[in-house]
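S.K.:
Residue numbers (the working numbering): 12 to 92.
(1) If I'm right that residue 7 touches residue 15 with Cβ under 8 Å, what's the distance once you round it to whole angstroms?
(2) Around the C-beta of residue 22, are 16 or more other C-beta atoms found within 10 angstroms, so that it is buried, or is it exposed?
(3) Below 8 Å on the Cβ atoms is my contact criterion, and I expect residue 42 with residue 26 to pass it. Report the Cβ-Cβ distance as a whole number of Å.
(4) With DSSP as the reference, label residue 20 as helix, strand or coil.
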């Protein structure tokens, strides 16, 4: 299995990993692997969401367009304050 060595890891990050590992009764290694894996999965999910949003924008589709308030009404309300 590959090994990663991290040099100059900020102390506050290390402390957070140690705290999380203790709270879950995990080793520092297993907690670090879990955090890296979760971070990479979140990045992939965000990428998919961005691509879906771009596709909707290209097709001029706005989700819940009927639920959006009328901009003219909003401007009038703001001016009347």
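From the three backbone atoms N, C-alpha and C, an ideal C-beta is built for every residue, glycine too.
M.R.: Walking through what the data contain:
(1) No answer is possible for residue 7: it lies beyond the span of the chain, which begins at 12 and ends at 92.
(2) exposed
(3) 12 Å between Cβ atoms; not a contact.
(4) coil
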